[in-house]
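Residue numbers (our numbering): 33 to 313.
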């Protein structure tokens with residue numbers, strides 16, 4: 033990149049290097065904003081502003097990393113979810129828009145002002161637990177993860193939102209959880225080990241333990257449905273995110289464990305994404 037290139041020139045150079053990505057323009061903008069510590073409005077308000085060589089070099093390094101498939105969220109260290117800015121890193125899954133459907137489904141079963149106990153299993157960045165805590169401040173939450181590094185990120189994110197009603201626990205699903213809850217939510221790993229998407233751009237940089245769900249993608253889901261009965265109050269609800277083609281299999285697993293009112297919610301693309309059921313006790 034040339035000395036003192038303009039914002040317009042840097043954006044064009046970044047976009048052209050990322051041309052194979054559907055989000056090339058957006059990625060180039062987000063990464064340049066990160067380097068300049070500005071919002072996207074600056075890019076279009078002052079396109080002829082000249083940028084120094086140090087910032088150009090930083091931008092070039094980020095563009096190079098993005099070319100190898102590193103998610104933008106890992107490069108900037110942050111990702112928005114439920115209108116909350118969250119810290120993310122290589123120890124956490126990058127929160128995705130479809131997971132907001134899981135939050136929405138759970139909220140529909142948590143009355144405002146009611147002090148329920150809620151568990152978020154495999155919390156990662158803490159996105160789901162934090163969104164629920166913000167929307168239902170009377171509730172108490174437990175957020176678990178098998179990764180101590182992920183829990184550190186989640187704890188930081190909760191503190192950054194001034195949330196103190198979440199308790200973080202290192203646990204392999206229910207292994208270190210003793211209490212019962214009215215609501216359990218989880219976005220567990222649900223991608224089959226043979227799925228070619230695991231080798232795709234971006235995904236290969238995310239923690240495999242948060243993605244791989246065994247030969248059919250349902251290992252973690254089976255484990256959670258099997259164990260949730262010992263941790264739900266009578267009439268409590270279990271909410272699980274899953275793959276777009278797994279709704280029937282997940283619904284069958286719920287019914288096999290005598291859950292009632294089993295239903296599936298579609299995501300914003302119209303794909304089956306969240307299945308939930310009520311524990312009969």
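Even for Gly, the Cβ is constructed at its ideal location relative to N, Cα and C.
Whole-angstrom Cβ separation of residue 215 and residue 163, contact assumed at under 8 angstroms?
The Cβ separation is near 13 angstroms, so there is no contact.
Report the rounded CA-to-CA distance for residue 175 versus residue 133, giving the unit in angstroms.
Cα to Cα, the separation comes out at about 18 angstroms.
Report the CB separation of residue 107 from residue 125 in whole angstroms; it is logged as a contact under 8 angstroms.
With 8 angstroms as the limit, residue 107 and residue 125 do not qualify as a contact, their Cβ atoms being about 16 angstroms apart.
Name the two residues that bound the continuous alpha helix (DSSP H) containing residue 112.
Premise fails: residue 112 lies in the beta strand (DSSP E), 110-113, not in any alpha helix (DSSP H).
Spatial neighbours of residue 161 in its chain, beta-carbon cut-off 6 angstroms, leaving aside the 5 residues before and after
Closer than 6 angstroms at the Cβ level, and outside the excluded window around residue 161, lie 152, 155, 173, 175 and 198.
Considering Cα atoms alone, identify which of 221, 242 and 194 is closest to residue 182.
The residue with the shortest Cα to Cα distance from residue 182 is 242.
Cutting at 6 angstroms between CB atoms, please list the residues of its own chain near residue 218, excluding the five before and the five after it.
The residues are 153, 154, 256 and 272.
Using the three-state DSSP reduction, which class does residue 265 fall into: helix, strand or coil?
Shown here, residue 265 sits in a strand according to DSSP, grouped into three states.
Continuous beta strand (DSSP E) assignments of at least 3 residues falling wholly in the region 225-293:
Listed in chain order, they are 264-273.
Return the chain-ordered list of same chain residues with a C-beta closer than 8 angstroms to the C-beta of residue 120, the five sequence neighbours on each side being excluded.
Closer than 8 angstroms at Cβ, skipping near neighbours: 105, 106, 109, 110, 111, 126, 127, 157 and 185.
From 221, 196 and 230, residue whose alpha carbon lies closest to that of residue 251:
Considering only alpha carbons, the answer is 221.
Beta-carbon within less than 7 angstroms of residue 298's beta-carbon, same chain only, minus the 5 sequence neighbours each way: which residues are those?
Excluding residues up to 5 positions away in sequence, 304 and 305 lie with their Cβ nearer than 7 angstroms to the Cβ of residue 298 in the same chain.
Reduced DSSP secondary structure (H/G/I, E/B, other) of residue 73
Helix, per DSSP.
With a CB to CB cut of under 8 angstroms and the five nearest residues on each side skipped, what residues in its chain are close to residue 237?
Taken in chain order, the residues that qualify are 101, 102, 103, 106 and 122.
Inter-residue Cα distance where the pair is residue 34 and residue 58
Only weak support is given to the placement of residue 34: the predicted model assigns it a pLDDT of 48, under 50, and the value that follows is read from those uncertain coordinates. In this structure, the alpha-carbon of residue 34 lies about 22 angstroms from that of residue 58.
Out of 96, 191, 78 and 53, state which residue places its alpha-carbon closest to the alpha-carbon of residue 116.
Residue 191 is the option with its Cα nearest to residue 116.
If you draw a straight line from the alpha carbon of residue 82 to that of residue 60, how long is it in whole angstroms?
A straight-line Cα-Cα distance of about 16 angstroms links residue 82 and residue 60.
Starting from residue 89, follow the alpha helix (DSSP H) in both directions and report where the run begins and ends.
For residue 89, the enclosing alpha helix (DSSP H) starts and ends at 85-99.
Three-pair Cβ contact test at 8 angstroms for the region 71-86 versus the region 34-45
These segments touch.
Range covered by the beta strand (DSSP E) that runs through residue 67
First-last for residue 67: 56-68, but that is the alpha helix (DSSP H), not the beta strand (DSSP E).
Reference residue 258; option with closest CA among 290, 280, 180 and 275
Of the candidates 290, 280, 180 and 275, 290 places its Cα closest to the Cα of residue 258.
Would you mind stating whether residue 264 and residue 206 have Cβ atoms separated by less than 8 angstroms?
For residue 264 and residue 206, no; Cβs fall outside 8 angstroms.
First and last residue of the uninterrupted beta strand (DSSP E) at residue 39
Where residue 39 is concerned, there is no enclosing beta strand (DSSP E), although the alpha helix (DSSP H) it sits in stretches over 39-49.
Identify, in the order they occur along the chain, each residue of the same chain with its Cβ nearer than 8 angstroms to the Cβ of residue 75, setting aside the five sequence neighbours on each side.
For residue 75, the CB contacts under 8 angstroms within the same chain, skipping 5 residues up- and downstream, are 39, 43, 61, 64 and 65 in chain order.
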